[in-house]
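K.L.:
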């Protein structure tokens with residue numbers, strides 16, 4: 016488990032999701048810098064489905080994961096994009112569960128696309144480290 020200091024985190028916002036047949040581009044950023052994470056087009060469609068609050072006739076994989084968490088009274092609390100190596104981003108999903116009045120936080124390694132989808136589904140904050148923001152390639156509008 017990695018310890019990330021709160022002072023190293025930057026709250027980022029979803030700016031856009033752009034879909035092509037080959038990939039989806041998720042634009043994240045802060046006021047003065049935007050960066051792109053490329054994801055599988057199916058995950059991009061799922062993100063758009065959740066962002067527009069459309070219903071799907073059958074549960075999708077992220078729905079299954081989310082319902083499982085709820086079944087065990089586990090709450091997603093935040094996503095952190097922790098690292099970038101070349102053009103590959105890495106993320107962590109933070110989960111919270113209270114057992115016998117004791118709060119437990121679990122940090123799970125995951126693909127940014129899955130973490131971002133869970134963030135959209137649960138309306139939780141997305142952060143990146145200052146290092147990721149510094150090292151990511153800026154996207155101009």
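Residue numbers (our numbering): 16 to 156.
Don't be surprised by glycine CBs; every beta carbon is placed ideally from N, CA and C.
Since this is a predicted model, take the numbers as computed values, not measurements.
Looking only at its own chain, which residues have a Cβ that is under 8 Å from the Cβ of residue 120, when we skip the five neighbours before and after it?
P.N.:
92, 109, 110 and 111
K.L.:
Do you know how far the Cα of residue 96 is from the Cα of residue 16?
P.N.:
For residue 16, the pLDDT reaches just 47, beneath the cut-off of 50, and the residue's location in the model is therefore unreliable, although a value from the coordinates is still provided. The straight-line gap from Cα to Cα measures roughly 14 Å.
K.L.:
According to the neighbour-count rule (16 or more other Cβ atoms, all chains shown, within 10 Å of its Cβ), is residue 33 buried or exposed?
P.N.:
exposed
K.L.:
Can you give me the start and stop residues for the beta strand (DSSP E) that residue 112 sits inside?
P.N.:
103 to 114
K.L.:
Does DSSP put residue 87 in a helix, a strand or coil?
P.N.:
The three-state reading of DSSP puts residue 87 in coil, since its state is none of H, G, I, E or B.
K.L.:
Whether or not the segment 65 to 74 and the segment 40 to 51 are in contact is what I'm after, with contact meaning three or more pairs of Cβ atoms, one per stretch, closer than 8 Å; do they touch?
P.N.:
no
K.L.:
According to DSSP, simplified to helix, strand and coil, what is residue 78?
P.N.:
Helix.
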